[in-house]
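If you read the sequence shown in our numbering, its first letter stands for residue 8, the second for the next number, and so on. Structure first, then comments.
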Amino acid sequence: MKKYLKSASVLLLILVMTFTMVACKKPPMLTQDDIDKAIEEGEPEGEITFTYSPAATSADYKQAADKFVTAFEQKYTNVTVERDYTATSDNRIASADIGDVFYFAETQTYKYAVQDRALIPLDGFITKFGISQNDVYSGIYRLGLVNGRLYFVPRDYNQIVLIYNKSAITEAGLNAEIRPEWTWEEFQDICERLYDPEGEDYYPLNLNLTYSPVYVPFFEAYASRDAWCNTTEKKITFIDENGDILRAIGEALDMARKYYVMIPSVNESADDIAGREYIFKTDVYPTIQATGKQFDNRDVDWDIINMPLFQNPSFGCGASGVGVFARTQNVTAAAALALFFLTPEGQRAFNSGTGGSVPLLKSLDDEGYDAWKYPDDPAWSGKNWDAFVYLADTASTPGQVNCRMPIDVAEAIEADIRNILSRDLAGTESYQDGFRELETRCNEIWSLLTV
8 MKKYLKSASV LLLILVMTFT MVACKKPPML TQDDIDKAIE EGEPEGEITF TYSPAATSAD
68 YKQAADKFVT AFEQKYTNVT VERDYTATSD NRIASADIGD VFYFAETQTY KYAVQDRALI
128 PLDGFITKFG ISQNDVYSGI YRLGLVNGRL YFVPRDYNQI VLIYNKSAIT EAGLNAEIRP
188 EWTWEEFQDI CERLYDPEGE DYYPLNLNLT YSPVYVPFFE AYASRDAWCN TTEKKITFID
248 ENGDILRAIG EALDMARKYY VMIPSVNESA DDIAGREYIF KTDVYPTIQA TGKQFDNRDV
308 DWDIINMPLF QNPSFGCGAS GVGVFARTQN VTAAAALALF FLTPEGQRAF NSGTGGSVPL
368 LKSLDDEGYD AWKYPDDPAW SGKNWDAFVY LADTASTPGQ VNCRMPIDVA EAIEADIRNI
428 LSRDLAGTES YQDGFRELET RCNEIWSLLT V
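Dropping the structure here:
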């Protein structure tokens, strides 16, 4: 009896080990030779899986994804796409239980591409699939670059703008001064004129200066675009010889000291701001609908305007999007699906309904494509939607610090910027000293990283 029990136990152990080995076996990682061969010889065909988690969160997002996939299958008739509308996670990627093409936020690009080696570079497929890189807004394309290679494909375009209380502006007689060409200096003057120390209704500007796509353009306002973050030398610079990199930050803090500006989580409890409403507020397209409806519900006229122009115009941009899994077994079809987001057909399909956003192609704006501008809503169609693409090709800059440097360095900046601004306004430490310490810490972190 013991002999049989022992044999059965051994057999069970073998079966468990065999099942575990089969279950845990992952497809091999693609080599550069595999990718090069697909670029040279591959044709989009066969089956692939598209993991797109936003589609599980709302019917609108599902509609956008469905339209996109349908348009892709109509163009590439030999490819069948399985729609996996479930969440992307690190565990799924690690276990290779993820689609050939999968969704993620742009802030994860460096991690997935470099640290996890979970993505393949797609720039080699650009010409193969007839993608016009010059048609893509430059800042949003650069968002997906890591070490000069394209690992992330944005699905849309988002640029920081200002939503504003037009009723208050009309009452102040300043409508003519709210125009796309306005400068940062002119905007500071407008805020000063709007501030009434004796009033109780409004403060001029709600400026989310602790949000990366807002504060990054302030670093670039008076300095060259790469002066503060040099990826070649692996160096962060906040304290430069002429003080250019932090000059706009200092000007914003001066405005906050005069109560022209409220910085959320920094000075929102200040006596001359608390209880008042903003006139201008930094915002993005995905949340503009909710903000606009709040104004509508109060019968307050509102509109949108681009951020004022710095000496070096710079608008923080961002987007979530997709990449191709480094263990895909159908790299050509997967690359075609991911890069379909950079085509007019893909952008029209994805952004044609309520689940879409702002298209990322210059050509669609040039031809007057307006599905995202609420053309069927009489009250909203006249809003200044062009603010979301104003100077998008020349002034857009990758807004998330995670997209411009290793995550450990970016996290150091994100963790401390609120404290730096708060200490300056509280009078306990100047912003210059705070950023000087942060610069040293960032460069120490970067110098120790091996990837």
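Where a beta carbon is used, it is the ideal one built from N, C-alpha and C, also for glycine. Remember, predicted model here, so these are calculated numbers, not experimental data.
Q.
Could you check whether Asp43 and Ser370 sit closer than 8 Å to each other, using their CB atoms as the reference points?
A. no
**Q.** Glu436 versus Gly406 - alpha carbon distance
**A.** 26 Å
Q) Roughly how far, in whole angstroms, is the beta-carbon of Thr95 from the beta-carbon of Ser60, given that I think they are within contact range, below 8 Å? A) 5 Å
Q: Evaluate Val223 with the Cβ neighbour count: other Cβ atoms within 10 Å of its Cβ, from every protein chain shown; 16 or more gives buried, anything less gives exposed.
A: buried
(Q) So, does the segment 119–129 touch the segment 350–357, judging by three or more C-beta pairs under 8 Å? (A) no
Q. Do you know how far the Cα of Asp306 is from the Cα of Phe57?
A. 43 Å
Q. Based on Cα-Cα distance, which residue from Phe302, Glu54, Arg443 lies nearest to Asn4?
A. Outside the displayed span of the chain (8 to 458) sits residue 4, for which this structure offers no information.
Q: Report buried or exposed for Pro366, applying the criterion of at least 16 other Cβ atoms within 10 angstroms of its Cβ.
A: buried
Q. Does the Cβ of Met36 have 16 or more other Cβ atoms within 10 Å, making it buried, or fewer, making it exposed?
A. exposed
Q. Expressed to the nearest angstrom, what Euclidean distance is found between the alpha-carbon atoms of Ala281 and Thr177?
A. 23 Å
Q.
At the level of alpha carbons, what is the spacing between Val329 and Leu150?
A. 12 Å
Q | Straight-line gap, Ala334 to Ile100 (C-alpha atoms, nearest Å) | A | A quick correction: the sequence has Arg, not Ala, at residue 334. If you take the alpha carbons of Arg334 and Ile100, they lie about 10 Å apart.
Q: Spell out a yes or no on whether the segment 288–300 and the segment 238–246 are touching, meaning 3 or more CB-CB pairs, one atom from each, closer than 8 Å.
A: no
Q. Just to confirm, does Ala333 get its C-beta within under 7 Å of one of the non-hydrogen atoms of the ligand MG?
A. Questions concerning the ligand MG fall outside what the structure shown contains, since it holds no ligand whatsoever.
**Q.** Three-state secondary structure assigned by DSSP to Asn337
**A.** coil
Q) Is Gln39 helix, strand or coil by DSSP? A) helix
Q: On the DSSP bridge assignment, give the partners of Lys69 in chain order.
A: According to DSSP, which records beta bridges pairwise, Lys69 is partnered with nothing at all.
Q | Leu428 - DSSP class collapsed to helix/strand/coil | A | helix
Q) Which parts of the segment 198–281 are runs of the beta strand (DSSP E), unbroken and 3 residues or longer, counting only runs that do not cross its ends? A) 209–213
Q. In the DSSP assignment, what are the bridge partners of Lys288?
A. Ile170, Asn213
Q) For Ile295 and chain C, any beta-carbon pair shorter than 8 Å? A) Included in the structure is just one protein chain, with no chain C present.
Q | Per-residue DSSP class, three states only, for Asp423 | A | helix
Q: Output the distance between the C-alpha atoms of Asp278 and Lys265, rounded to the nearest integer angstrom.
A: 11 Å
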